[in-house]
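These protein sequences, in sequence, are chains F and H.
Sequential numbering of the first sequence, starting at 272, is according to the working numbering.
Sequential numbering of the second sequence, starting at 272, is according to the working numbering.
Structure first, then comments.
There are 2 protein chains.
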Amino acid sequence: MTIRTPTRDLDHPTRDGIRLEGVLHALSDPVRLHVVRRLADADGELSCSDFDLPVSKSTTTHHFRVLRESGVISQLYRGTAKLNTLRRSDLDALFPGLLDSVLAGARSETDRSSGA
Amino acid sequence: MTIRTPTRDLDHPTRDGIRLEGVLHALSDPVRLHVVRRLADADGELSCSDFDLPVSKSTTTHHFRVLRESGVISQLYRGTAKLNTLRRSDLDALFPGLLDSVLAGARSETDRSSGA
DNA sequence: CTCGTAGTTTGACATCTGTCGTACTACGAT
DNA sequence: ATCGTAGTACGACAGATGTCAAACTACGAG
């Protein structure tokens, strides 16, 4: 029994490596903001294909990478799937209230445009 | 006495025209975030030249325009100067807590890198 | 009127960003 | 071993972005 391929893992910034500007930039894209909202609602692990994004597979990969590299989400492989989670505790520790106000803002903005 | 040249004014989005993604994008640039922080500290009107930005005059103009068009600041001419103010009440009404958490996050990040 | 100061405009430029299709790898199921 | 599904890698490409210098406009001071 050879050493198991260590389910090749991905580079994540450490908590201290998360930069505010990177987070804001990551959240400033509609597709990525949508992903983050879904992730916050689910409050669990979702694979990349659980999101029905209006972009191609390669673009999806790109957006998830931006989110991971900016420290907004963490990703890990399980089998053929890639599970995504919000790095809520890291974000809350570094930038208290930021994620919640962004999520609330996004929600109310959606309500404004759909409702009246 | 002819009608005074109406101190040519600038296009600002109305409160309802301010988009979350635009605000996040505007805040995700170091130069612009710096401007916003100074503006929040001063809590008053500052002319563009009150900031000692590490970029040229034309780039400065560009950044102030991005901030204005995204709804983060308002600008008005007074004589030869252009006065800038944070649109705090609009932002707080639309995205409660967002501006404060960004400002606090920026402050703590600065402290982390300079302090220890 | 003339000058200086504040900011704009224009055009250029390199880089970044979001997007795609196609070919590829990794893993689980059969 | 083979196949299908999940996701990646690699160009490619158009458009946005941050940057500058140089020429310009607008206003106040003298």
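Built from N, CA and C at the ideal position, the CB exists for glycine as well.
For clarity, every value in this text was computed on a predicted model and none was experimentally measured.
DSSP three-state assignment for residue i, whether helix, strand or coil
| i | result |
| --- | --- |
| Ser-385/F | helix |
| Thr-351/F | coil |
| Ser-299/F | coil |
| Leu-310/F | helix |
| Leu-281/H | coil |
| Leu-317/H | strand |
Closer than 8 Å to chain H by CB, residue i
| i | result |
| --- | --- |
| Pro-367/F | yes |
| Glu-380/F | yes |
| Met-272/F | Because the pLDDT at Met-272/F is just 39, under 50, the model does not fix this residue reliably, and the point stays unresolved. |
| Pro-301/F | yes |
| His-283/F | no |
| Leu-295/F | yes |
Boundaries of the alpha helix (DSSP H) in which residue i is found, first to last residue
| i | result |
| --- | --- |
| Ser-329/F | 328 to 340 |
| Arg-359/H | 359 to 365 |
Residue-chain proximity (residue i, chain F), Cβ-Cβ < 8 Å
| i | result |
| --- | --- |
| Ala-377/H | yes |
| Ser-372/H | yes |
| His-305/H | no |
| His-334/H | no |
| Leu-317/H | no |
| Leu-298/H | yes |
| Glu-292/H | yes |
| Arg-286/H | no |
Cutoff 6 Å; reference residue i; Cβ partners in own chain excluding five residues on either side
| i | result |
| --- | --- |
| Leu-281/F | Gln-346 |
| Arg-286/F | Asp-361 |
| Arg-349/F | none |
| Pro-284/H | Gly-342 |
Beta-carbon gap between residue i and residue j smaller than 8 Å
| i | j | result |
| --- | --- | --- |
| Glu-343/H | Val-294/H | For clarity, residue 343/H is Val in the given sequence; the question names Glu instead. Cβ distance < 8 Å, so Val-343/H and Val-294/H count as in contact. |
| Leu-324/F | Thr-332/F | no |
| Leu-362/F | Leu-354/F | no |
| Leu-291/F | Gly-376/H | yes |
| Ser-341/H | Ala-311/H | no |
Contacts around residue i, its chain only, beta-carbon distance under 7 Å, and the 5 residues preceding and following it disregarded
| i | result |
| --- | --- |
| Val-302/H | Leu-324, Val-326, His-334 |
| Arg-309/H | Leu-317, Phe-322 |
| Leu-365/H | Arg-286, Ile-289 |
| Arg-359/H | Leu-370 |
| Val-306/F | Phe-322, His-334, Leu-338 |
| Cys-319/H | Thr-331, Phe-335, Lys-353, Asn-355 |
| Leu-304/F | Leu-298, Ala-377 |
Sequence-distant residues of the same chain with beta carbon closer than 8 Å to residue i, five excluded per side
| i | result |
| --- | --- |
| Asp-262/F | In the structure displayed, chain F extends from 272 to 387; residue 262/F sits before or after that span and is not available. |
| Asp-382/H | none |
| Ser-329/H | none |
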